[in-house]
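Numbering (the numbering used here), first residue to last: 22 to 404. Below is one structure; the comments refer to it alone.
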Amino acid sequence: MFLDMIQKRNPALIKAAAALHQSGSIPPNTYVIDLDSFEANVRALAKSAEANSVKLFYMTKQIGRSGFVGKTIQRNGIEKAVAVDIDEAFNLSKAGCKIGNLGHLVQPGKNQWETVLKQLRPEVVTLFSLERARQLSDAAVRLGLKQNVILRVISKQDFIYPGQYGGFLINNLESSIRELQLMPGINVIGATCFPVLQLNEAKTDFEFTSNLQTLLKSRDILANQGIEVIHLNAPSSTSCHTIPLIREYGITHGEPGHALTGTTPLHAYSENLTEKPCMAYLSEISHMDEDQAYTIAGGFYARSNMKKALFGDRLDQETEVHQASSENIDYYGSLKRDPRMNVGDTVLYAFRTQIFVTRSHVAFLKNADSKTPEVVHFQRRGV
């Protein structure tokens, strides 16, 4: 999906990945991240957010949710994380990273709220229901605390990805707020909805989904109930390109994930975006038959939309990718066999990923554009 753009905008990453794999410094089934470009992307995002008065929480699930990457992001200007689940929050917090938002994708369990409040101390907690709100409020009262929360809001007409359904229905929001205001351990300060942006059919730009109108309507409902709305969070494809767009609607917060590596959907089609693509997936040819070459896998993702891959000791040759069925475990990837292929050849893919659902490693490279690229951090199985 992103291979053409990496070839155009970051060929040094390809060259470095080939050299480090052939030397034995990086094993197959490893995501390689050009750390110099990654840090430049973070700085650009932080600068854009500051210029537009938008606050950012960084997302690490796509890139290996480690303390190393969290602290790297924080050093470059984005101070707090949004954690996909409590386990990611633990990983980041243990390394000294600050948690900005917890609960938007996966709600903590009923017996975990005191741990959330005592150990993780998020800036905000996103709530999906009155039941979870009561659990959080009760835990906060026991600890003598009051936790700021935002509400995930939805309407029946909104687009929501399968497996992510949930939230306060906009038609019932007024009555829900009245109940929430009676809970002494929480303080409602805003709302969120996802996804607010999607790539248009022409693949030329992002367009707003109906979810944006749900989010803006929730702001008015909250304000009419006497709540000072200071946090309006609109995640999805947050980037230097979209930050000014969401700010026009009064959005206060965004959550960049794929933009950190220059891999939002639009980055596959436009070479004029600020963030440089800086992540690829490295493997090698394991064995072959008459028609196909099989690559060591573990890091493929069902929504990757791969079309082709590079192969060879210098990654200077190209072949088609055979998409594997999502029903199968990705023990091997499959390429159209080419007579120039050899067992042990380096293979490089570039696609939209979620490293936290894979069995792959992550290698962070410095000086990719030099004669001496090096691995400065290797995260075994970047879960």
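Glycine included, every Cβ here is placed at the ideal spot set by N, Cα and C.
- In the displayed model, M327 falls within coil according to three-state DSSP, outside both helix and strand.
- In this structure G247 is exposed. Its beta-carbon is surrounded by fewer than 16 other beta-carbon atoms within 10 angstroms.
- Between V162 and G275, the alpha-carbon positions lie close to 30 Å from each other.
- Less than 9 Å separates the beta-carbon of E109 from that of T81.
- Taking 9 Å as the cut-off, the Cβ atoms of A301 and V53 count as close.
- Counting the other CB atoms within 10 Å of its CB gives F149 a total of 16 or more, which places it among the buried residues.
- Boundaries of the beta strand (DSSP E) harbouring D55: 51–55, taken from the DSSP string.
- Contact check for T316 against S355 passes: the beta carbons are separated by less than 9 Å.
- Exclusion of the five residues before and after L166 leaves L138, G206 as the residues of its chain whose Cβ lies within less than 8 Å of its Cβ.
- Between P49 and E305 the beta-carbon gap is near 4 Å, inside 8 Å, which marks them as a contact.
- The residues F215, P216, V217, L218, in chain order, have a CB closer than 7 Å to that of S257 in the same chain once the five nearest residues on each side in sequence are set aside.
- Pairing L303 with A38 gives a Cβ-Cβ distance under 9 Å.
- Under the three-state reduction of DSSP, A39 is assigned to helix.
- With the rule of 3 Cβ pairs closer than 8 Å, the segment 281–292 does not count as touching the segment 327–343.
- The segment 182–200 makes contact with the segment 233–241; the number of CB pairs closer than 8 Å reaches 3 or more.
- With a cutoff of 9 Å on beta-carbon distance, S307 and V364 are scored as near each other.
- Scanning the segment 77–126 for uninterrupted alpha helix (DSSP H) segments of 4 residues or longer gives 88–96, 107–115, listed from N- to C-terminal end.
- As a beta-bridge residue in DSSP terms, R173 pairs with T213.
- The beta carbon of S176 is closer than 6 Å to those of I191, T235 in its chain, skipping five residues each way along the sequence.
- In this chain, the alpha helix (DSSP H) harbouring V162 covers 151–163.
- The Cβ atoms of L24 and A244 lie no closer than 9 Å to each other.
- Per the Cβ contact rule, the segment 95–110 is in contact with the segment 58–76 (3 or more Cβ pairs under 8 Å).
- Apart from sequence neighbours up to five positions away, the residues of its chain that approach S114 with a beta-carbon distance below 7 Å are I120, Q140, L141, ordered along the chain.
- Secondary structure of L243 (DSSP, three-state): helix.
- Burial of D179 is indicated by the presence of at least 16 other C-beta atoms within 10 angstroms of its C-beta.
- Residues I191, L194, E195, I198 of the same chain have their beta carbon placed closer than 8 Å to that of I242, with the five preceding and five following residues left out of the count.
- According to the DSSP assignment, K357 belongs to the beta strand (DSSP E) that extends over 353–357.
- Listed in chain order, the non-local C-beta contacts of L126 below 6 Å within the same chain comprise V105, local neighbours out to five positions each way being set aside.
- Judged by DSSP in its simplified three-state form, E341 adopts strand.
- When only Cα atoms are considered, P32 and L266 end up about 30 Å apart.
- Our two residues, A314 and C261, have alpha carbons roughly 39 Å apart in a direct line.
- C-alpha of T374 to C-alpha of Y322: approximately 6 Å in a straight line.
- Between N122 and E144, the beta carbon gap of about 7 Å places them in contact (Cβ cut-off 8 Å).
- As far as DSSP is concerned, K238 takes part in no beta bridge.
- Looking at the DSSP output, M309 shares a beta bridge with A314.
- The beta-bridge partner set that DSSP reports for L386 consists of D55, V396.
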